[in-house]
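>
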Amino acid sequence: MRARTERGPLASHWMAVLIRPGVAAFDARRSRASWPAVWWSVAALALLEGAAVAWVVAGSGSQTGVSSLPFGPKLLLPREPLWLGLAAFAGTFVEFFLFSWLLYVSARLVGGRGAFLVQAYPMALFWGPIDGALAQPLGVIGSIVGLAARIYALALLGPMPASTHAMPLKRTWLALLLVVALGALLATLTFVCAFMLAFVFAGAWISSLLR
Numbered sequence: 393m394r395a396r397t398e399r400g401p402l403a404s405h406w407m408a409v410l411i412r413p414g415v416a417a418f419d420a421r422r423s424r425a426s427w428p429a430v431w432w433s434v435a436a437l438a439l440l441e442g443a444a445v446a447w448v449v450a451g452s453g454s455q456t457g458v459s460s461l462p463f464g465p466k467l468l469l470p471r472e473p474l475w476l477g478l479a480a481f482a483g484t485f486v487e488f489f490l491f492s493w494l495l496y497v498s499a500r501l502v503g504g505r506g507a508f509l510v511q512a513y514p515m516a517l518f519w520g521p522i523d524g525a526l527a528q529p530l531g532v533i534g535s536i537v538g539l540a541a542r543i544y545a546l547a548l549l550g551p552m553p554a555s556t557h558a559m560p561l562k563r564t565w566l567a568l569l570l571v572v573a574l575g576a577l578l579a580t581l582t583f584v585c586a587f588m589l590a591f592v593f594a595g596a597w598i599s600s601l602l603r
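Mapping the sequence shown onto the numbering used here, position 129 (from 1) lands on 521, and the numbers just tick up by one.
1. Between the segment 401 to 415 and the segment 487 to 499, do three or more beta carbon pairs fall short of 8 Å?
2. Fully enclosed by the segment 466 to 515, which alpha helix (DSSP H) runs are 4 residues long or longer?
3. Output needed for Ala512: all residues of its chain with C-beta closer than 7 Å, excluding positions within five of it in sequence on either side, in chain order.
4. Where do the ends of the alpha helix (DSSP H) carrying Arg563 lie?
5. Straight-line CA distance for Ala435 to Met515?
6. Would the segment 494 to 513 count as touching the segment 473 to 483 if we require 3 or more Cβ pairs under 8 Å?
7. In angstroms with no decimal places, state the Cα-to-Cα distance between Pro428 and Leu437.
8. When you compare each of Met552, Arg424 and Glu441 to Pro413 by their alpha carbons, which one comes out closest?
9. Using the C-alpha atoms, what's the distance from Val449 back to Pro484?
10. Whole angstroms is fine: what's the gap from Ala576's alpha carbon to Ile543's?
11. So, helix, strand or coil for Leu549, using DSSP?
12. Confirm, please, whether the CB-CB distance from Ala425 to Arg505 is below 7 Å.
13. For Leu478, which residues in the same chain have their Cβ closer than 7 Å to its Cβ, ignoring the five residues on either side in sequence?
14. CA-CA distance, Ala416 and Trp406?
15. Taking all protein chains shown into account, do 16 or more other C-beta atoms lie within 10 angstroms of the C-beta of Trp519, making it buried, or fewer, making it exposed?
16. In angstroms with no decimal places, state the Cα-to-Cα distance between Leu539 and Arg422.
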């Protein structure tokens with residue numbers, strides 16, 4: 393028998409995986425996987441993050457700096473609420489699908505058998521509400537909430553791939569370590585390519601000045 397929450401609205405599925413996290417909670421919702429649900433979840437988060445960034449930048453964020461953690465340095469932002477808000481909106485989609493793809497590749501490398509959609513849907517169920525907690529501009533209180541949300545997200549990233557890829561939990565943590573390794577490799581390659589492009593353009597610019 394399917395769980396009752398399988399037939400409810402999308403918000404009820406968000407609450408179900410957040411309140412009762414575990415492999416069983418994700419198993420009960422795999423049959424509901426659909427691209428419209430994924431896109432609606434990510435789009436709602438993107439709107440929230442874009443509005444939050446624009447609100448902070450239009451306020452005191454450009455002078456005092458912002459951070460989603462209660463400690464550490466703060467990021468100073470230029471006073472461009474519209475463009476930074478749009479960048480945050482687009483960046484939400486890039487962040488979600490890039491991390492989903494890295495996790496999917498890593499899970500497949502350690503023996504996972506799930507499809508990308510089957511993984512993306514349950515991930516969107518908790519990614520939106522938790523990442524939304526990081527978007528609120530509430531000063532120190534908001535930073536503490538953001539730190540707690542990050543810790544809770546790590547706890548959910550264990551049972552979610554175990555359900556979607558039919559793997560033991562030990563392999564899911566190995567897959568997450570591979571995500572870190574692949575992410576570091578991708579970041580390194582991006583930095584090297586950007587450096588090489590900058591070097592080429594700088595050389596061409598200097599050559600034009602010397603002519």
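C-beta: ideal position from N, C-alpha, C; glycine also. Here the structure is a predicted model, which means the values were calculated and not measured.
Working from what's here:
1. The segment 401 to 415, when compared against the segment 487 to 499, does not touch it at the 8 Å Cβ threshold.
2. 473 to 501
3. By one-based count along the sequence shown, residue 512 stands at place 120. Once the five neighbours on either side are set aside, the close Cβ partners of Ala512 are Val430 and Ser492.
4. The residue you call residue 563 lines up with position 171 of the sequence shown. Arg563 -> alpha helix (DSSP H) spans Leu561 to Leu602.
5. The residue you call residue 435 lines up with position 43 of the sequence shown. The residue you call residue 515 lines up with position 123 of the sequence shown. Going from the Cα of Ala435 to the Cα of Met515 covers about 14 Å.
6. no
7. As a working note, residue 428 is residue 36 in the sequence shown. As a working note, residue 437 is residue 45 in the sequence shown. Pro428 and Leu437: Cα-Cα distance of roughly 14 Å.
8. Indexing the sequence shown from 1 puts residue 413 at position 21. For Pro413, the nearest C-alpha among the options comes from Met552.
9. Sequence index remark: in the sequence shown, residue 484 carries index 92 (1-based). Sequence index remark: in the sequence shown, residue 449 carries index 57 (1-based). According to the sequence shown, residue 484 is Thr rather than Pro. For Thr484 and Val449, the distance between alpha carbons rounds to 17 Å.
10. If you number the sequence shown from 1, residue 576 lands on position 184. If you number the sequence shown from 1, residue 543 lands on position 151. Approximately 21 Å, taken between the alpha carbons.
11. Residue mapping note: residue 549 aligns to position 157 of the sequence shown, counting from 1. In the structure shown, Leu549 sits in coil (DSSP, three-state: anything other than H, G, I, E or B).
12. As a first step, residue 505 is located in the sequence shown; it is residue number 113 there, counting from the start. As a first step, residue 425 is located in the sequence shown; it is residue number 33 there, counting from the start. Taking 7 Å as the Cβ cut-off, Arg505 and Ala425 do not qualify as a contacting pair.
13. Your numbering for residue 478 matches position 86 in the sequence shown. Result list for Leu478: Gly442, in chain order.
14. For this step, residue 416 is matched to residue 24 along the sequence shown. For this step, residue 406 is matched to residue 14 along the sequence shown. For the pair Ala416 and Trp406, the Cα-to-Cα distance works out to about 14 Å.
15. As a working mapping, residue 519 is identified with position 127 in the sequence shown. With 16 or more other Cβ atoms within 10 Å, it is buried.
16. Position 147 of the sequence shown, counted from the start, is the residue given in the question as residue 539. Position 30 of the sequence shown, counted from the start, is the residue given in the question as residue 422. Spanning the alpha carbons of Leu539 and Arg422 requires a straight line of approximately 28 Å.
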